[in-house]
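Notes to accompany the following structure.
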């Protein structure tokens, strides 16, 4: 029988499992953040599997960074929209005052 090679997702889950002691040492709120980061990595596993990096955690961390950038872009867009609303409300208040 030939040797079975782990799929990227299986290898990723195994790599994430190696961080279990670190996770256990985190405060409960930080554990939730850690889990969210690992979910970002899982969400981008297809792209990460194409990276063919010898160190799996490099692809995992790049997936996490990409997810964080996506979140920052979304928050930045929301902030800009809110700032525009505040500016228009302030301008309207000055005109009627």
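Residue numbers (this note's numbering): 1033 to 1129. Virtual Cβ for every residue (Gly too), placed ideally from N, Cα, C.
C-beta contact flag for residue 1076 and residue 1106 at 8 Å: For residue 1076 and residue 1106, no; Cβs fall outside 8 Å.
query = Under 8 Å, do residue 1080 and residue 1091 count as touching if we go by C-beta distance?
reply = Inclusion of residue 1080 and residue 1091 in the CB contact set at 8 Å is warranted, their separation being smaller than that value.
Practice item. Tell me whether residue 1112 is buried or exposed, calling it buried when 16 or more other Cβ atoms sit within 10 Å of its Cβ. Key: By the C-beta density criterion, residue 1112 is exposed, having fewer than 16 other C-beta atoms within 10 angstroms.
task: Would you identify the three-state DSSP class for residue 1069, choosing helix, strand or coil?
output: Of the three classes helix, strand and coil, the one that applies to residue 1069 here is helix, per DSSP.
Practice problem: Work out the CA separation of residue 1056 and residue 1082 for me, nearest whole Å. | Solution: Rounded to the nearest angstrom, the gap between the Cα atoms of residue 1082 and residue 1056 is 31 Å.
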